[in-house]
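Undergrad: This is the structure, below, for whatever I ask next.
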Amino acid sequence: MTHLTTEQYSLDELSREYERLMAGVEKPGRYSGGELNTIIKDWGKTSVRMALAFPDIYEIGLSHLGFRLLYHLINKEENYLAERIYAPAQDMEEALQSAGLPLFSLETRHPMGEFDLIGFTLQYELSYTNILNMLKLANIPHRRVERGEDHPLIIGGGPGSFNPEPLADFFDLFLLGEGEEAVLEILAVCEEAKQNHLTKAQLKKELLHVSGVYLPEFYRIEYLQNGTVESITPVHGAPGRVEKRVIADLNDAFIPDTEIVPYIETVHDRLMLEILRGCSRGCRFCQAGMVYRPVRERNKQLLIDQAEKILKRTGYEEVSLTSLSSTDHTQIRDLVGILTGCYSPQGINVSLPSMRIDAFSPELAESFQGGRKASLTFAPEAGTERLRRVINKNLTHAEIIDATRSAFAAGWQKLKLYFMIGLPTEVDEDLDGIVSLAQEILEIGRSIHKKRSGQVRVTVSASTFVPKAHTPFQWRSQITVTETLQKQERLRSGLRGKGLAFSWHEAKTSQLEGVFSRGDRRLGRVLEKAVALGCKFDSWDDKFNWDKWLSAFQACGIAPEFYTARRRSYDEVLPWSHLSPGLDINYLIAEDQQAEKAVLTEDCRTGKCPGCGVCPTLKVTPKKAGGGVNI
């Protein structure tokens, strides 16, 4: 289909057409733009224009912290412009196609294809079909080799960039790691290339010099007859290994002093204050805990000042202190005390997404919830101490029971418990341990709330373990759909009765996530075929279609089990072997072997350095808000 563009119609005419379409969709606020604190810049006065594209609907995309940060960071630069584009819902997609209109930005309603760069957030593997669908709606060819000089440069960033190989044929480049400094360097190279009238090929050679930038076309991949990767060879001067970008000191990093306030309710409709990055707990299943090392805290006063600025400019009624492990912040009690003291009288709540069991105290939890006794969330992850040692989750049964007893005694009546199934070395006794733990916690709650025992509720949520790149479990196999369903049924049968509730993740979506989390470039064909068959919004239960995905795999001659059910050897060349978050491969192997023996590894913030390699490799050190480090 040929789309209308600003070469055929004026921007005002296109905008009126978009307005007409918005009148006929379910939630026009997803596409209207113009929210409080939106930044609209003059295209004619900017030299480089970037579309920030989030491959999910507005309500989810606007809640993404990194996306919001880059929006304000780029727009504060006089010569650069950033506008937002989200995946349209089905009704808007159909309206665009019927009218022959391309996907557009919210700020000025420029067609997506008219930007110099399009930066996609790679937050979740099951959003990859949405990326290709958005390119299609913008009339931009999926494959890099099919795009010409006039097409935008397609960039990916976020956790998915640590193994972007399934997307390698579709993207021009990926940015590994933290983007505050790197994105401005990329834009500066693009600005100079435009001034010097460089070709796209010449521009890419210049981008090779930006640390953290990975251009997949500069790497040749060879495969063995058994389907594994034989070699990854850099060409044309590309580095043999791409290291992630990291901000050495978060106190010096850019942090927005305002936020966009949406017209419609979003998933996280609150001020999100990032108080630290990284995690040193060393959970062996957790990719974020591995790739975002080292731990760097923001100073208490900086956070307090930032909260005051943003609340004045937004009117938000909740401040969420976000990070991978917010209760690990060394000044968390002081920070919470000051924020709640300032804002609770104004009706502004201070919240935390979840509480670590070993950091729980009723006083701290109550201050986070503003005195409200809503449900509390804990994540034991596994049902037995043995399996928690396997995954390096240093929690004893006694610690879990003590924390939940304290929560009930302090007035809470509803607890949510998060677990994983299919973890390495898991046996039936570990699943039964989830059931018995939940039942024991329920009985404790009932004994404490005797007069209201009927209101005590324990909800167990079980997700399926998916091995991720750059973790100690990256070589492990993933359980099959059949095994997942059997384990879910065992839990379901045990977690019955008044006061107990059980929720779980769809087994087939976890299987697809597992394929793409450790996939290689050959999966690009499958992804493209799945989109052609109509796959999109795969993380949504009502949109996901496993049969279409199986048809796509079959059409491409690829077995999904090759990527999930197979245990990899330590000497296998992994598809992401040339991409590095700074971790030493020998550390990951040692951690995997420690898991087999159910041996714990110390947290480097409180114990000895485990030798993960991040600090010396990236030349950065952990930073506590109050100064000093344990290492």
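The opening position of the sequence shown corresponds to residue 949 in my numbering, with each subsequent residue numbered one higher.
Cβ coordinates follow ideal geometry from the N, Cα and C atoms, glycine included.
Owing to the predicted nature of the structure, the values given are computational and were not obtained by experimental measurement.
1. With DSSP run on the structure shown, which of helix, strand or coil describes I1382?
2. To the nearest whole angstrom, what separates the beta carbons of T1270 and I1223, a pair I think is in contact under 8 Å?
3. Counting pairs of beta carbons, one from the segment 1420-1436 and one from the segment 1507-1522, are three or more of them closer than 8 Å?
4. Three or more C-beta pairs closer than 8 Å, one from the segment 1342-1360 and one from the segment 1297-1306: is that the case here?
5. Exposed or buried, what is Y1518 when buried is set at 16 or more other beta-carbons lying within 10 Å of its beta-carbon?
6. How many whole angstroms separate the CB atoms of N1078 and P1050, which I take to be in contact at a CB cut-off of 8 Å?
7. If you draw a straight line from the alpha carbon of W991 to that of H1090, how long is it in whole angstroms?
8. Kindly indicate which residue of S1354, V1479, R1168 has the alpha-carbon position closest to the one of S1075.
9. Of the residues G1285, C1231, T1565, which one's Cα is nearest the Cα of E1329?
10. Which residue from P1100, Q1459, E1128 puts its Cα closest to that of T1147?
11. Can we count R1229 as close to the ligand COA, meaning its CB is less than 7 Å from some heavy atom?
12. Can you tell me whether M1060 is helix, strand or coil according to DSSP?
13. In chain order, what residues of the same chain have a beta carbon less than 8 Å from the beta carbon of F1501, not counting five sequence neighbours either side?
14. Is it a yes or a no for the segment 1482-1500 touching the segment 1151-1162, going by three-plus beta-carbon pairs under 8 Å?
15. With the cut-off set at 8 Å, would you say D1039 and V973 are in Cβ contact?
16. For L1123, which residues from the same chain have a beta carbon less than 8 Å from its beta carbon, with the 5 sequence-adjacent residues on both sides left out?
17. If the criterion is Cβ atoms closer than 8 Å, does the pair E1170 and R1092 meet it?
18. DSSP on V1158, reduced to helix/strand/coil?
19. Does DSSP put K1192 in a helix, a strand or coil?
20. With DSSP collapsed to three states, give me the class of S1528.
21. CA-CA distance, A1043 and E983?
22. How about the segment 1551-1566 and the segment 1206-1219: do they share at least three Cβ pairs that are nearer than 8 Å?
23. Helix, strand or coil for Y1171, going by three-state DSSP, please let me know.
24. Pick helix, strand or coil for M1303, following the three-state DSSP scheme.
25. Assign D1378 to one of two classes, buried (16 or more other C-beta atoms within 10 Å of its C-beta) or exposed (fewer than that).
26. Whether or not the segment 1197-1208 and the segment 1383-1403 are in contact is what I'm after, with contact meaning three or more pairs of Cβ atoms, one per stretch, closer than 8 Å; do they touch?
27. Quick one: residues in its chain with C-beta nearer than 6 Å to the C-beta of N1578, no 5 flanking neighbours on either side, listed in chain order?
28. Between Y1167 and G1125, what straight-line distance do the alpha-carbon atoms span, to the nearest angstrom?
29. Could you compute how far the alpha carbon of E1025 sits from the alpha carbon of Y1019?
30. For K1571, which three-state DSSP category applies?
31. Counting only runs of 4+ residues fully inside the segment 1076-1163, write out the alpha helix (DSSP H) ranges in chain order.
32. Straight-line CA distance for S1487 to T1457?
33. Please determine, among T994, P1242, C1504, the residue with the shortest C-alpha to C-alpha distance to E1476.
34. Whole-angstrom Cβ separation of G1381 and G1331, contact assumed at under 8 Å?
35. Start and end of the alpha helix (DSSP H) containing P1564?
36. Can you list the alpha helix (DSSP H) stretches of 4 or more residues lying completely in the segment 1203-1283, in chain order?
TA: Checking against the coordinates, here is how it stands:
1. helix
2. 7 Å
3. yes
4. Output reads yes: the segment 1297-1306 touches the segment 1342-1360.
5. exposed
6. Contact doesn't hold; Cβ gap of about 16 Å is too wide.
7. 26 Å
8. V1479
9. C1231
10. P1100
11. In the structure shown, the ligand COA is absent, as is every other ligand, since no ligand is present at all.
12. The answer is helix: DSSP assigns M1060 an H, G or I state.
13. Contacts found: V1474, A1507, P1508.
14. no
15. yes
16. I1103, G1104, G1105, S1109, A1130, V1131, I1134, G1160, V1161, Y1162, R1193
17. no
18. In the three-state scheme derived from DSSP, where H, G and I count as helix and E and B as strand, V1158 is classed as coil.
19. coil
20. Correct three-state label for S1528: strand.
21. 23 Å
22. no
23. strand
24. coil
25. buried
26. Counting Cβ pairs under 8 Å, fewer than three are found: no touch.
27. With a pLDDT of only 49 at N1578, under 50, the local geometry of the prediction cannot be trusted, and no value is derived from it.
28. 19 Å
29. Cα atoms of E1025 and Y1019: separation of roughly 11 Å, rounded to the nearest angstrom.
30. strand
31. 1076-1085, 1130-1143, 1148-1155
32. 7 Å
33. Among T994, P1242, C1504, the Cα nearest to that of E1476 is on C1504.
34. 3 Å
35. 1562-1566
36. 1235-1239, 1248-1262
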